[in-house]
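Okay, structure first, notes after.
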Amino acid sequence: MENEINYQPEENLNKVEQTTKITNESEEIISRENEANNETKQVNAKAGSSEDFDWDALIRETKDYRDDDRQKLEEKYTKTMNVLQDKEIIEGTVIGFGEREVFVNINYKSDGVIPLNEVRYNPDLKVGDKIEVYVESQDDGTGQLILSHKKARILSAWNKINELYETNAIVQGYIKSRTKGGLIVDLYGIECFLPGSQIDVKPIKDYDAFVGTTMDFKIVKINQEFKNVVVSHKAIIEEEIEAQKSEIISKLEKGQVLEGEVKNITSYGVFIDLGGIDGLIHITDLSWGRINHPEEIVQLGQKLNVVILDFDEHKKRISLGLKQLTPHPWDLLDPNLKAGDKVSGKVVAIADYGAFVEIIPGVEGLIHVSEMSWSQHLRSAQDFLKVGDTVEAIILSIDREERKMSLGIKQLLPDPWVDIQERYPVGSKHKAIVRNFTTFGVFVELEEGVDGLIHISDLSWTRKIKHPSEFCKIGDELDVVVLEIDTDNRRLSLGHKQIDENPWEIYESIFTPDSIHQGRIIELRKDKGAVVELPYGMEAYAPASQLIKEDKSKANVDEILDFMITEFNKDAKKITVSHTRTWENPRPSKSKKTKSTQSESSSTHTTLADLGIFDDIKEQLNNNEEDNTK
420 MENEINYQPE
430 ENLNKVEQTT
440 KITNESEEII
450 SRENEANNET
460 KQVNAKAGSS
470 EDFDWDALIR
480 ETKDYRDDDR
490 QKLEEKYTKT
500 MNVLQDKEII
510 EGTVIGFGER
520 EVFVNINYKS
530 DGVIPLNEVR
540 YNPDLKVGDK
550 IEVYVESQDD
560 GTGQLILSHK
570 KARILSAWNK
580 INELYETNAI
590 VQGYIKSRTK
600 GGLIVDLYGI
610 ECFLPGSQID
620 VKPIKDYDAF
630 VGTTMDFKIV
640 KINQEFKNVV
650 VSHKAIIEEE
660 IEAQKSEIIS
670 KLEKGQVLEG
680 EVKNITSYGV
690 FIDLGGIDGL
700 IHITDLSWGR
710 INHPEEIVQL
720 GQKLNVVILD
730 FDEHKKRISL
740 GLKQLTPHPW
750 DLLDPNLKAG
760 DKVSGKVVAI
770 ADYGAFVEII
780 PGVEGLIHVS
790 EMSWSQHLRS
800 AQDFLKVGDT
810 VEAIILSIDR
820 EERKMSLGIK
830 QLLPDPWVDI
840 QERYPVGSKH
850 KAIVRNFTTF
860 GVFVELEEGV
870 DGLIHISDLS
880 WTRKIKHPSE
890 FCKIGDELDV
900 VVLEIDTDNR
910 RLSLGHKQID
920 ENPWEIYESI
930 FTPDSIHQGR
940 IIELRKDKGA
950 VVELPYGMEA
960 YAPASQLIKE
970 DKSKANVDEI
980 LDFMITEFNK
990 DAKKITVSHT
1000 RTWENPRPSK
1010 SKKTKSTQSE
1020 SSSTHTTLAD
1030 LGIFDDIKEQ
1040 LNNNEEDNTK
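Heads up: the sequence shown at position 480 corresponds to 899 in my numbering, and the numbers run straight through without jumps.
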């Protein structure tokens, strides 16, 4: 491991010279002290005993010499020592080994000691080697200098890792072991995490194969709080790939043909390896014909020629084409084909609006849903065709420049409107199927391609219909009469009520003004009036003021009461009635009365049977049925 502290040889040499000088001076002082001691001994010998010795005189004789020399010696000796601070890293020299410790000289007042187990990683360590140490404490209380080599290594390594992270530099590390989700990497003694996804650009299944190896890494993430480090080998590879991509793209040109290898197949296209950079062939650029999946055209590992359609230098994207290397199918289409010709093909796609039919691979025509049937009742294309069907069709239009073709299959059948007036003359009666409703009427189908409209006013002679759904439902079969034919616009006006004769001619003689008839209230309207059902299914309107009964209460729904005819309008098909007038101003001598039952024939009012009108109506209806049969 490299040491971060720099030592200057000249400074070390000066320190040695100073130390030598101080040593000489010390020897000189010691020599003088020895001479003084000898003199002292002689004096003591002469004195005969220590009790008689004048120590003060001796001190007086040697005081100046000793203090001056000692001060000089201490000053020079202090200059040779390092100035230490706790919690710092410094370089020291190994001066000896103990059973459990290593002695280190750092040019301080005392030597330091570090545990022997902190240097077991370096079995070659010997006396005289330089090592980094961390100053735990300058004095442990006993004068001992406490050092740590392990902490020095960790702090030094952490500083290096932070420097590498800031500079985005590459560092070599040793993969120690495998862990969940990745590998453990040793960087300067710091354990770092290598995620499995960051080992290589391609997925790695066997992590154990990398244990015990050395690789280059980039530090991609550091958690300063928890001292966690994440490294990546993939980042180095990606940088190299990006550099290759930039170089390759700089040499590309649109229309250039290159050889590549199928690297990956997706549902939307194929990725081609062009030798350091990937390009995409979209599924629409694989074949002139319609395909469901790229695997129908290419296989993994297949080598093929592709053409560059477009590229983006900034996004490093390349669009490739395969079909562009072959002639366009429209150029191979029979040049004699024209509108009106019959062709056959396979249905390759269906939308709500139509079906696409492939005439030859790469040449498609559209059959619009309106060209699938002569019916004016539009349906979905799925009702007529499905993918894979082989159909015959007539070319309606062909545009070779725009490469578009319109087809039709209904043209293969006779147009039902060609002889519509002969098959459906005005006044003829037919059966029709209810297909759709509008607010103004009912659309019915007489046959495939022949539709007609029954206006809401032509549904019933007697009923007031607000919406056609009140009268019938989709799929019902109705008897209709052709009222009008519009050949140009392919429209038929139909009627349902016209199957029967207009009963209003007959009812005019039955529901005469001031006549009284039994009726049932079937609906109360918002205007407080009511709809009243009269005999023979006739409906009449009773104003709110004319619903007051004799007991001054108001009539309600489903009540059966007598009603007087106040108005009968044949042209407007309108009948107005009143219950109130039946008890306010009855006119039994002039009124007529009809009942649903004939049990009250003794009433003062004349019944319909009494007048013989019922028999006349019955006879007339029978005559109408005989005429229809004929």
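Beta carbons are placed, not taken as given, at the ideal position from N, Cα and C, and that holds for glycine. Just so you know, these numbers come straight off a predicted model, no measurement behind them.
Residue i, DSSP secondary structure in three states
i	result
Y540	coil
N578	helix
A974	coil
T999	helix
Y553	strand
I884	coil
K848	strand
G694	coil
F775	strand
V788	helix
A758	coil
A654	helix
F930	coil
L953	coil
L966	coil
L723	strand
F645	coil
G868	coil
Y584	helix
T364	This structure gives no information on residue 364, because the portion of the chain shown stretches from 420 to 1049.
G615	helix
D548	coil
R939	strand
I407	Absent from the model: residue 407. The displayed extent of the chain is 420 to 1049, so no value can be given.
S876	helix
I623	coil
A466	With a pLDDT of 43 at A466, under the threshold of 50, the modelled position of that residue is not reliable, and no figure is offered here.
Whole-angstrom C-beta distance between residue j and residue i, which should lie under 8 Å
i	j	result
I873	L913	5 Å
K916	L878	6 Å
I691	I700	6 Å
D635	Q591	6 Å
P754	P780	17 Å between Cβ atoms; not a contact.
V648	I609	6 Å
L831	E811	7 Å
A576	L606	7 Å
I769	A800	5 Å
G868	S972	With a Cβ gap of about 59 Å, G868 and S972 do not count as contacting.
A654	K670	Going by Cβ atoms, the distance from A654 to K670 rounds to 26 Å, so no, they are not a contact pair.
Beta-carbon proximity check, residue i vs residue j, cutoff 8 Å
i	j	result
I735	I817	The question names Ile, but residue 735 in the sequence shown is Lys. The answer is no: Cβ separation not under 8 Å.
K722	E680	yes
I984	P932	yes
I904	L897	no
R572	E555	no
V650	V604	yes
D970	T1001	no
D625	R597	no
L1050	V523	No answer is possible for residue 1050: the residues shown for the chain start at 420 and end at 1049.
I1050	E672	In the structure displayed, the chain extends from 420 to 1049; residue 1050 sits before or after that span and is not available.
D530	L564	yes
K804	I814	In the sequence under discussion, the amino acid at residue 804 is Leu, which differs from the Lys named in the question. Cβ distance not < 8 Å, so L804 and I814 don't count as in contact.
V951	V901	no
Exposure of residue i, with buried meaning 16 or more beta-carbon neighbours within 10 Å
i	result
E714	exposed
F645	exposed
I884	exposed
S1010	Legend: pLDDT at S1010 = 41, less than 50; position of this residue unreliable, value from coordinates given subsequently. Its Cβ being crowded by 16 or more others within 10 Å, S1010 is buried.
E790	buried
D870	buried
D838	exposed
Y553	buried
D977	exposed
G1058	No answer is possible for residue 1058: it lies beyond the span of the chain, which begins at 420 and ends at 1049.
G740	buried
E537	buried
G467	Summary for G467: the model assigns pLDDT 45, below 50, so the residue's position carries little reliability; its value from the coordinates is reported in the next sentence. Classification for G467: exposed.
L602	buried
I893	exposed
The segment 583-592 / the segment 526-546 touching (three or more Cβ pairs under 8 Å): Contact between the segment 583-592 and the segment 526-546 is absent: fewer than 3 CB-CB pairs across the two stretches fall below 8 Å.
Contact the segment 696-704 vs the segment 752-771: 3+ CB pairs below 8 Å: At 8 Å Cβ cutoff, the stretches do not touch.
At least three beta-carbon pairs within less than 8 Å, the segment 774-785 to the segment 859-868: Here the segment 774-785 does not lie against the segment 859-868, with fewer than 3 beta-carbon pairs under 8 Å apart.
Cβ pair count under 8 Å reaching 3, the segment 985-1003 against the segment 953-970: These segments touch.
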